[in-house]
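Colleague: In my numbering, the protein residues as written are 8 to 238.
#1: Are three or more beta carbon pairs between the region 46-59 and the region 203-215 nearer than 8 Å?
#2: Helix, strand or coil for residue 120, going by three-state DSSP, please let me know.
#3: Residue ranges of each alpha helix (DSSP H) run of no fewer than 4 residues wholly in the region 71-144, ordered along the chain?
#4: Pick from 113, 84, 103: whose alpha carbon is nearest that of residue 96?
#5: As a quick exercise: from 182, 47, 220, 177, pick the residue whose alpha carbon is nearest that of residue 98.
#6: Within the same chain, show all residues whose beta-carbon is closer than 7 Å to that of residue 212, passing over the 5 residues directly before and after it, in chain order.
#7: Just how far apart, CA to CA, sit residue 80 and residue 32?
#8: Which residues does DSSP pair with residue 208 in a beta bridge?
#9: Determine whether the Cβ of residue 67 lies closer than 8 Å to any Cβ atom of chain D.
#10: Going by CA-CA distance only, name the one from 78, 71, 44 that's closest to residue 36.
#11: Going by DSSP in three states, residue 27 sits in which element: helix, strand or coil?
#12: Rounded to the nearest angstrom, what separates residue 93 and residue 44 at their Cα positions?
#13: Applying the 10 Å Cβ sphere with the 16-neighbour rule, what's the burial state of residue 148?
#14: Would you call residue 218 buried or exposed, if buried means 16 or more other Cβ atoms sit within 10 Å of its Cβ?
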């Protein structure tokens, strides 16, 4: 049995590859949004994809998360082929997009309990998982507030917590701090570091050089769909 952290995340060796991509291509008409990108992300690493708006960051992430099929190239995520085994890939990952996917009329706790129930948790287990996540992300005091009354930083933390109802091997974060004030951004950074320390592999996109520098052990810079630097 694998050792687990207090958050229930399996401990993983860094020697194993969480994501491996070769020559990924995605076109939209004449536009090559992703143009032959290679990528290797070891398990347990925070890896940043840095680039300006329109560089192809989100398109690349959507392919790796099986939301968009590559037009060429190949990739594996947690050892599963992106095209041949998409269901296995989806079972091993979670993704948080640029905008919160929460029901604003529900409380923070109700959102998490609902998602846990959809994942198949029994009622008592769903409530316990929701409470654990709220505590882990510093949202226990706001648990009974409607999400419409949350600040931007609180919404972002809850949105990422919602991605962890079932603990993933890889967490995709698409521009996780866009629109947040500096204090909220630092709070989210701390949370991301904690997840990586617990063993979750994190691939994040950002257009902020400071964010990539602060968080990532490795950075790939892409522009016009091509990887132009990595290190």
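Note that the Cβ used here is the ideal one computed from N, Cα and C, for glycine as well.
Modeller: According to the structure data:
#1: These segments touch.
#2: In the structure shown, residue 120 sits in a helix (DSSP, three-state: H, G or I).
#3: For the region 71-144, whole alpha helix (DSSP H) runs of length 4 or above, ordered along the chain, are 93-99, 115-125, 130-143.
#4: Among 113, 84, 103, the Cα nearest to that of residue 96 belongs to 84.
#5: The shortest C-alpha separation from residue 98 is found at 177.
#6: Excluding residues up to 5 positions away in sequence, 56, 64, 65, 68, 181, 182 lie with their Cβ nearer than 7 Å to the Cβ of residue 212 in the same chain.
#7: Straight-line Cα distance between these residues: approximately 6 Å.
#8: BP columns for residue 208 point to 177.
#9: Judged by its chain identifiers, the structure shown contains no chain D, having just a single protein chain.
#10: The residue with the shortest Cα to Cα distance from residue 36 is 78.
#11: Strand at residue 27.
#12: Taking the straight line joining both Cα atoms gives about 19 Å.
#13: With fewer than 16 other Cβ atoms within 10 Å, it is exposed.
#14: Buried, since its Cβ has 16 or more Cβ neighbours within 10 Å.
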